[in-house]
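**Q** In UniProt numbering, the protein residues as written are 1 to 474.
Before anything else, here's the structure in question.
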Amino acid sequence: MEFLHHMKPLVVQILTKEPRVSADKNYDVECRTSGSRPEAVITWWKAEKQIKKMAQNYPLENNESLSVLSFVPSIDDDGKYLTCRAENLAIPGSALEDKWRLDVQYQPVVTLKMGKTLNPDDIKEGDDVYFECSVRANPKVYKLAWFKDQDIGTKRNYLLQGKELKNNATAGIVLSDHSLVLQRITRYSAGDYTCLVANSEGKTANTPVCKEGRSEVVVGALKQETVSLVCSVESHPAPLIFHWTFNNSGELVEVPHSRYSHMAAAVGTPSVAESLKEYPQFHGSRLNYTPATEMDYGTVACWASNQVGKQRTPCLFQVIAAGRPYALHNCSTTEMSAPLDAEELNAKSGTGLIVRCLEGYDGGLPIHSYQLEVVADEDGGPILLNKTVPASPNGPTFEVAGLTTGRSYRLFLYAINAKGRSEPAILEPVTLKGVAMYTTGECIDFLMSYRDRLTDMLNFNPSSKSIALDGSLL
């Protein structure tokens, strides 16, 4: 009888830790492990997310294993950790890891914008206009230059046709750090302005970038549900082409051109104001995407290219399986013997409720609000109160006033995301014991009456009459 003695991995090591890597280039990263019996399972992780289908594992002699990962770092990988993990699945807690902090170097990512204080719809001759060249780069840039090009040529000779701008106070051109100021603009100021930035990885001008707030979007979709993905970019000159890719766990697939459309901007001969207010210009492409199986959920990326070059960092859409939220749970009520909302002070009952619940699963999309419906306990009763509150990290809290003491109610509570409303969490029956109270007007009338009676009592001569404890005359 053969006895197999299980052993944990003793060593795991990434063998090819480059001090720096370049974005968008392919690297074969090797990881070796030894000591495990049976052989260890090697997996790769980036920023705590597993990388699948991009590695080849090879068993070696003497309980050793080798894994080779085909890895293409992106700009966003800069500063993240790539991890090789070896584990004997027969021994819980046996995993060993080796980490490699990525120093990803890349050509500058350049964005050209008009100054924030300027109104692009109110620019006229004689005004001062300034542009800001925003740069993201690793390593640091060693050159930043400005060009004006009135005759845009092909991508190959685009910058050669342009004229580099220099500080010239007489001509109203002022360069300062990453800014360009055009003073007292005239009709001759019209044209295309380019910010060119260089580091050791290369030169980049203001190629397209994702519209602010649209660099990464989470989209929830059911199977067989078509969702419209709109890739909005800021670009000047306008984009010439777009292209889309799909990636699920490391497998990159080009999306055919026939599946998406290009929303182009109108072309014309601009005036000075119209030309200058084009910064920033927004353009886009639309892809109608329909996940059919689990493998169709993943990352959809969009790139734009203009005459200056290709967009360096794509706009990303994380397409996830999504639906309505799960029902709220652990709901409870606390009775309050005072009205909670000022507008409900005229209610005959001073009884109020505080209702609290915990969230369930959000359905794959953020929960944006909660809803409470209050109905009479009788079957088929109408909705007496419908209240919605915004989402909270601690789950919903509803404050309800104006309910009738002694009456029973049913409470229906919902969580809501972009896909709709959850199944209800139901509290029934909820009967309020409460303390009756006066409305605001009745309270004032009562106090005035009591004051008058108390005055009569104090002015009364006790030698001729007696006073009962309730204030009435005997």
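From the three backbone atoms N, C-alpha and C, an ideal C-beta is built for every residue, glycine too.
Just the C-alpha distance for N394 and V104, rounded to the nearest angstrom, thanks.
**A** Each residue's alpha carbon lies about 39 angstroms from the other.
**Q** Name, in chain order, the residues that DSSP records as bridge partners for E97.
**A** Per DSSP, R85.
**Q** Can we say the region 350–369 touches the region 326–335, given the rule of at least three CB pairs closer than 8 angstroms?
**A** Touching, yes, given that three or more Cβ pairs across the two stretches are closer than 8 angstroms.
**Q** With respect to the beta strand (DSSP E) encompassing A205, which residues constitute its N-terminal and C-terminal limits?
**A** First-last for A205: undefined, no H or E at that position.
**Q** Pick out whichever of D28, S70, S36, G93 has its Cα sitting closest to the Cα of E61.
**A** Taking only the C-alpha atoms, the option nearest E61 is S36.
**Q** Along the chain, where does the beta strand (DSSP E) containing P108 start, and where does it finish?
**A** First-last of the beta strand (DSSP E) with P108: 104–114.
**Q** Given V174, which residues of its chain have a CB within under 7 angstroms of its CB, disregarding the five upstream and five downstream residues?
**A** Cβ within range, chain order: N167, V181, Q183.
**Q** Near V197, which residues of its chain fall below 6 angstroms by C-beta distance, leaving aside the five closest residues on each side in sequence?
**A** Answer for V197: P108, V110, V135, V141, L144, T204, listed in chain order.
**Q** Look up H257 in the DSSP assignment and say whether it is helix, strand or coil.
**A** Reduced to three states, the DSSP call for H257 is helix.
**Q** In this structure, does DSSP put Y193 in helix, strand or coil?
**A** Three-state DSSP puts Y193 in a strand.
**Q** Check M295 in the structure and name its three-state DSSP category.
**A** The answer is helix: DSSP assigns M295 an H, G or I state.
**Q** Alpha carbon to alpha carbon, how far is K52 from L10? Give it in angstroms, no decimals.
**A** Spanning the two alpha carbons is a distance of roughly 24 angstroms.
**Q** Which term fits I426, buried or exposed, when burial requires 16 or more other beta carbons within 10 angstroms of its beta carbon?
**A** Classification of I426: exposed, given that the 10 Å Cβ count is below 16.
**Q** Using only the alpha-carbon positions, how far apart do residue 477 and S22 sit?
**A** Residue 477 lies beyond the stretch modelled for the chain, which goes from 1 to 474, so this question has no answer here.
**Q** Between the Cα of C231 and those of C195, Y289, L82, E30, spot the shortest distance and give me the residue it belongs to.
**A** The candidate whose alpha carbon is nearest that of C231 is Y289.
**Q** Taking only runs that begin and end inside the region 33–64, name each unbroken beta strand (DSSP E) of 3 or more residues, in chain order.
**A** With a minimum length of 3 residues, the continuous beta strand (DSSP E) runs that stay inside the region 33–64 are 41–46, 49–51, 55–59.
**Q** In chain order, which continuous runs of the beta strand (DSSP E) of length 3 or greater are located wholly inside the UniProt domain "Fibronectin type-III" (338–435)?
**A** Listed in chain order, they are 352–358, 369–376, 383–390, 397–401, 408–417, 425–431.
**Q** May I ask you to list the residues that DSSP assigns as paired with residue 503?
**A** The shown model of the chain, from 1 to 474, leaves out residue 503, and the question about it has no answer.
**Q** Can you tell me the Cβ-Cβ gap for residue 476 and R312, rounded? I've got them flagged as a contact below 8 angstroms.
**A** Because the chain is modelled from 1 through 474, residue 476 falls outside the range shown and cannot be assessed.
**Q** Measuring straight from C-alpha to C-alpha, what distance separates Y450 and L328?
**A** Here the model assigns Y450 a pLDDT of 46, short of 50, so the residue's position is not dependable, and the following value carries that caveat. One C-alpha to the other measures close to 49 angstroms.
**Q** Kindly indicate which residue of G406, T83, G115 has the alpha-carbon position closest to the one of R101.
**A** Among G406, T83, G115, the Cα nearest to that of R101 belongs to T83.
**Q** Closest to Y130 by CA distance: which of G115, N119, H257 is it?
**A** Cα-wise, what sits closest to Y130 is G115.
**Q** Buried or exposed for V233, going by 16 or more other Cβ atoms inside 10 Å?
**A** Buried, by the Cβ-count rule.
**Q** Could you say which of Q307, L229, L222, Q318 lies nearest to T293 if we only look at CA atoms?
**A** When each option's Cα is compared against that of T293, the closest is L222.
**Q** May I have the straight-line CA-CA distance separating K387 from D296, to the nearest angstrom?
**A** Answer to the nearest angstrom: the Cα atoms are 38 angstroms apart.
**Q** Can you tell me whether R20 is buried or exposed, with buried defined as 16 or more other CB within 10 angstroms of its CB?
**A** It counts as exposed.
**Q** Smallest Cα separation from D177: which of C195, I185, Y188, T170?
**A** For the residues C195, I185, Y188, T170, the minimum Cα distance to D177 belongs to C195.
**Q** On the DSSP bridge list, what partners appear for C231?
**A** Looking at the DSSP assignment, C231 forms a beta bridge with S285.
**Q** Any idea if S215 is buried or exposed, counting beta-carbon neighbours within 10 angstroms, 16 or more meaning buried?
**A** Answer is exposed; the Cβ neighbour count stays below 16.
**Q** Less than 8 angstroms separating the beta-carbons of L69 and V12?
**A** No, these two residues do not count as a Cβ contact at 8 angstroms.
**Q** Excluding the 5 residues preceding and the 5 following K17 in the sequence, name in chain order all residues of the same chain whose CB lies nearer than 7 angstroms to its CB.
**A** Excluding residues within five positions, the ones whose Cβ falls inside 7 angstroms are W100.
**Q** Following the continuous beta strand (DSSP E) through R136, name the residue where it begins and the one where it ends.
**A** Note, R136: beta strand (DSSP E), 129–138.
**Q** Just grab the DSSP bridge partners of V21 for me.
**A** Paired residue(s): V104.
**Q** Alpha carbon to alpha carbon, how far is E64 from Y58? Give it in angstroms, no decimals.
**A** The straight-line gap from Cα to Cα measures roughly 9 angstroms.
**Q** With DSSP as the reference, label I123 as helix, strand or coil.
**A** Residue state, collapsed to three classes: coil.
**Q** Can you tell me which of S74, M54, R85, Y370 puts its alpha carbon nearest to the alpha carbon of E48?
**A** The shortest Cα separation from E48 among S74, M54, R85, Y370 belongs to R85.
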